[in-house]
Each structure stands twice: as C-alpha cells, then as structure tokens.
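So the structure is just underneath, and the comments pick up after that.
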Amino acid sequence: MMAALAFVLAVASTRTPYPIVGILPSMQLRAQWPSAVPIPYGEWGPMVSAVSAVALDATSGTLLWGKQPYTRRPLASTTKLLTAIAVLRAQMPFDAMATVRSEDLPPEGHTILHVDDRVRVGDLLTAMLVYSDNGAARVLGRTQLAASPADVVPGAMALRAVARSLGARTVQIMDPAGLDPRNLGSAMDVALLLRAALAQVELRDRLTLAEAIIPVQRGDRTVMVPVRSTNALLHTGGARTFQLRGAKTGYIDESGYNLALAVSRDREGVVVLVLLGSPSSDDRFRDARVLADWILSASATNDARVPVGQY
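Numbering (my numbering), first residue to last: 1 to 311.
Right, here's the structure in full:
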C-alpha cells in the first residue's frame with residue numbers, strides 16, 4: 001500500500017497545467033452493480049484500450065480517474081464541442097440563415113450540405129452535434145466566429161480563446177470541424193469542454209439526440225434531410241447500465257477513435273468520461289461501458305476518488 005501511495009504522490013507532484021485534486025488510492029474497488037460487459041481490472045482500475053482517458057465529476061470538476069490524462073492528442077470531431085460553445089457565446093439567433101460556400105465543404109466529406117444551401121444556425125448546430133457534419137462546423141466557424149488573419153480556417157483563433165476561458169489550457173485549434181490533425185488537446189481538456197457544453201440546455205439537448213431532421217433551403221425548395229447520430233450508445237439503450245446525459249464522437253486517421261460522454265446512474269451524480277485514441281469504433285464504446293460501470297460503482301460505494309494510473 002505504501003508503494004501505491006508513493007506512486008500516486010509522484011503522479012500528483014508531476015507538473016501539469018491543471019490542479020490534481022481528490023486523488024486517493026483505492027486498490028479494492030470492484031463493481032457492485034451488474035455490468036453490461038466484463039470489466040478487466042489492472043492494478044489501477046479498469047483496463048481500457050484508449051491511449052488517454054479521464055473520468056471527471058461533472059459538478060465539482062474533480063478528476064476521479066485518469067490514464068495519460070494530460071497527454072495532447074488529435075481531437076478530431078470532439079473539436080465540435082468547442083465550436084458549439086463558441087457559437088452559443090456569439091449569441092446569433094438560432095433562426096438566422098447562413099449560406100453554404102464551396103470552401104465550407106471539405107474534401108473529406110461527411111456533410112449533408114451543398115454549395116448555396118441556406119440553413120438556420122440552430123439546424124447547423126444540430127447537424128454538427130448529431131451527425132458530426134463537417135460542412136456545418138465550417139459554416140458556423142466562418143459565419144458566427146470572429147475571423148483572424150492567422151486562421152487556416154475561419155474561426156480557429158476565436159475557438160482557442162474560448163478554450164482558454166474554459167480552462168482547457170493546452171488546446172490547439174486549426175479547424176472548427178476537427179479534420180486538421182493539428183487540432184490537439186488532452187483528455188482533461190475534452191472533459192472540460194463537454195462539461196461546459198452540458199451546462200447549456202441548447203447543446204445538452206442536441207448531444208442526446210439519436211436522430212434529427214434538418215431543413216435545408218436548396219434552391220426554391222426546402223429539403224428535409226434526416227441525420228443519425230454517430231454515437232452507437234444512443235442506439236443501444238438496453239446494452240448499458242447507465243443513463244447517457246450527452247456524448248460526442250470523433251475520428252481521423254491520426255487520432256484513432258475518440259469519445260466524450262456524460263453518464264449517471266439512479267440518483268448518483270453525473271460523471272464525464274473521455275477516451276482518446278481507442279483502436280476501433282467498437283473499442284471506444286466498449287471502453288466507455290467498462291469505465292462507466294466501474295466509476296459509477298465506485299461512486300455508489302462512496303469511494304469516487306480513485307488513482308491516476310499510467311499503464
């Protein structure tokens with residue numbers, strides 16, 4: 001036990017851009033609730049395939065558990081959490097119309113939009129958060145966020161400023177859609193972004209939608225475009241033992257499979273979980289179930305402050 005405590009103190013004394021609080025050794029924790037999947041345990045808690053991961057108390061901001069929590073990695077589409085927060089701060093009416101330009105449509109695709117489409121700001125937010133629409137993110141960045149000459153894509157500098165204001169101090173943003181692998185941040189950064197997004201009802205509602213209809217003005221007609229969430233957990237309610245309070249996925253080749261989600265169980269508080277760099281899409285959702293089951297069981301036994309491991 002003394003060796004374990006010494007390890008925790010060594011981790012806690014490591015210089016990071018964030019305060020480490022509430023981290024106590026807890027070597028005996030095991031699930032007290034039925035789990036949706038078998039939970040493989042290591043010395044420091046559940047084994048997850050993600051390169052970097054955290055569990056954060058959504059109310060207090062306390063770090064509950066982490067695996068390489070401060071290592072910066074490509075954010076991919078988890079960037080869109082930050083874009084959504086910045087758009088909300090811009091206070092543009094949700095019924096304001098935005099016109100799609102050719103430069104808004106990235107060659108990587110994954111968008112429902114065409115050049116010259118006209119779409120309401122609120123519907124662009126929905127497309128971006130539910131379908132992870134890259135074109136919608138680019139349109140919002142160009143039309144809603146202040147541009148800078150240093151921007152590779154319009155709105156990038158404004159997003160960096162918003163990230164700093166939220167305490168996500170190591171975030172680097174080059175693109176509001178997350179397609180640029182130079183969009184970097186730690187799992188702790190992403191947890192802070194999701195926590196901030198969930199505090200806004202307009203974003204929280206969208207982050208729990210399994211599907212939506214996006215009205216698009218295309219020429220002289222309105223097209224109703226259906227979109228489906230990229231988050232498999234929203235389509236498998238019976239395969240998990242927790243309530244999903246909001247989530248955002250992300251993937252580019254350089255990032256691996258990312259996932260940020262908020263979960264709760266019964267009357268327990270909400271916990272924010274972030275997994276960056278899982279090897280496959282299935283792995284990230286399995287990691288989420290494993291970590292959610294374990295951390296919520298720890299909360300249920302009033303032992304919610306568990307070690308930061310570096311396995």
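Ideal Cβ positions, reconstructed from N, Cα and C, are used throughout, including at glycine. Since the model is a prediction, treat every value here as computed from it, not as a measurement.
Judged by DSSP secondary structure, T111 falls outside any beta strand (DSSP E); it is assigned neither H nor E. Three or more beta-carbon pairs separated by less than 8 Å are not found between the region 107 to 119 and the region 194 to 204, which leaves the two stretches without contact. Just measuring C-alpha positions, the residue of I295, H110 and S229 sitting nearest F242 is I295.
The three-state secondary structure of E254, taken from DSSP, is coil. Listed in chain order, the non-local C-beta contacts of D104 below 6 Å within the same chain comprise G135, R138 and V139, local neighbours out to five positions each way being set aside. Beta-bridge analysis with DSSP links A212 to V227.
DSSP places M97 within a strand segment (E or B) once states are collapsed to three. Classified as exposed, S60 has fewer than 16 neighbouring CB atoms from the shown chains inside 10 Å of its CB. For I213, the number of other beta carbons within 10 angstroms of its own is below 16, and it is reported as exposed. Contact check for S52 against A262 fails: the beta carbons are separated by 7 Å or more. Proximity of the region 160 to 180 to the region 224 to 232 falls short of the contact definition, fewer than three beta-carbon pairs being nearer than 8 Å. Residue state for R169 is assigned as coil, using DSSP reduced to three classes.
The beta carbon of A76 sits closer than 6 Å to those of G178, G250, Y251, I252, S255 and N258, all from its chain and outside the five residues before and after it, given in chain order. Distance from the CA atom of A288 to the CA atom of K248, rounded to whole angstroms, is 12 Å.
A check of alpha carbon separations from S297 across R265, N231 and S280 identifies R265 as the nearest.
Collapsing the DSSP output to three states places G246 in a strand. In the displayed model, L192 falls within a helix according to three-state DSSP. The three-state reading of DSSP puts G135 in helix, counting H, G and I together.
By the criterion of a C-beta distance shorter than 6 Å, Q144 is surrounded in its chain by V87, A90 and M92, once the five residues flanking it on both sides are discounted. The beta-carbon distance between A197 and L273, rounded to whole angstroms, is 14 Å. This is too long to meet the 8 Å contact definition.
For the 7 Å CB-CB criterion, L113 and V130 do not form a contact. Rounded to the nearest whole angstrom, the CA to CA distance from P149 to R142 is 13 Å.
Residues of the same chain with a CB within less than 6 Å of the CB of L209, apart from the 5 flanking positions on each side, are V130 in chain order. In this structure, the beta-carbon distance from A292 to V190 does not fall below 7 Å.
For the set D123, R182 and L233, the Cα lying nearest the Cα of V290 is the one of L233.
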